[in-house]
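Read through the structure below, which is laid out as structure tokens, and then see the notes.
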Amino acid sequence: MYIAGIAAVLVTMALTLARAFMGPTVYDRILAVNSFGTKTVLIIALYGYFTGRPDFLDIALVYALINFIGTIAVLKFFEYGDLGRDRPSQPDDI
Amino acid sequence: MDIGSFLINAILLVFLAATAIAVARLQNLFAGAMLFGIYSLLSAGVFVVLDAVDVAFTEAAVGAGIATILMLSTIALTGIKHESIPIRPLRSLLLVAVVGAALIYGTFDMPRFGDAEAPAHQHVALRYLQQSGDEIGIPNVVTSVLASYRGYDTLGEVAVIFTAGIGVLCLLGGSRRRRTDPADKS
């Protein structure tokens, strides 16, 4: 059962990798990285149950959070062109 | 390691090699940064299968999280394309092959994976496991090793991290003050 799940996730990993390698636009690649992070979370969770150590689930959850933050950073880069600078229209709060 | 873990590891390593080759062949730096994120996630998966969960944790946080953001910031400052410079692939390939062969030769002397007779399990680990409860009085062995047996080492690490934090705060604070300077707005 878990073996079948892991095999299925590995196949989807291969498909996602193919999209990341070929991906004509950058948005394909961003989406590929994001969904590859999800695949990593899934495979770690499945592997934890496969080896009888469900505590790996916590690590998988942290990976999901990191993946989210990374995607936010990449998308912000694309929206504004860089990451740290305040935009001129933005008031200098903080 | 049983056959299932071995197969998963082998497949993940094939993906890892494919990603590395794809990064080396790409001209677009942004796509390279994205593929490096995938590379980090894959190696974190390999580390989890090899039972090095803490290493995997660091790899995912630093490699996939922080390093990708740092690369993107660098691209924002420099530019998204790189000029192709003439390289000698044969010489580089030879160098990499020699270094790789030397590293593989070096692994022959290492104890097998999970070997109970390995030197790392013979020297002080037994004492830590059997007597740290009486000697230190903390039920968690890792905590007593880090905070007591290697207390000076940990103190040094904390000092290094504290210094790095002060440096980062100085850099960030300095740039913010300059930006709010009224002379800058004109």
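Sequence order for the protein chains is A and B.
According to this note's numbering, numbering within the first sequence proceeds without interruption in unit steps and concludes at 332.
According to this note's numbering, numbering within the second sequence proceeds without interruption in unit steps and concludes at 1546.
Heads up, the beta-carbon is just placed ideally off N, CA and C, and yes, glycines get one too.
Assigned with DSSP and collapsed to three states, Asn1500/B falls in coil, not helix or strand. For Tyr1465/B, the enclosing alpha helix (DSSP H) begins and ends at Pro1449 to Thr1467. Less than 8 Å separates the beta-carbon of Ala270/A from that of Arg257/A. One Cα belongs to Gly1525/B, the other to Leu1515/B, and the distance between them is close to 15 Å.
CA-to-CA, the gap between Asn272/A and Thr263/A works out to about 15 Å. Annotation for Thr1434/B: the continuous alpha helix (DSSP H) segment containing it runs Ala1427 to Thr1438.
Using beta-carbon distances, Leu1401/B counts as an interface residue toward chain A, with a partner under 8 Å. Within chain B, no residue has its beta carbon less than 8 Å from that of Leu253/A; the closest one is some 11 Å off. About 6 Å separates the CB atoms of Ile297/A and Ile282/A; that is less than 8 Å, so the two are in contact.
Following the DSSP letters along the chain, one finds Asp1494/B inside the alpha helix (DSSP H) bounded by residues Ala1485 to Glu1495. Annotated as distal: Ala1420/B and Tyr287/A, with beta-carbon spacing of 8 Å or more.
Asp266/A: member of the alpha helix (DSSP H) spanning Val264 to Phe288, first to last residue. Between Val1415/B and Asn1369/B, the CB-CB gap reaches or exceeds 8 Å. The C-beta of Ile1371/B comes closer than 8 Å to at least one C-beta of chain A. Counting the other CB atoms within 10 Å of its CB gives Leu253/A a total below 16, which places it among the exposed residues.
In this model, Asp1411/B and Pro1471/B are separated by some 16 Å (Cα to Cα).
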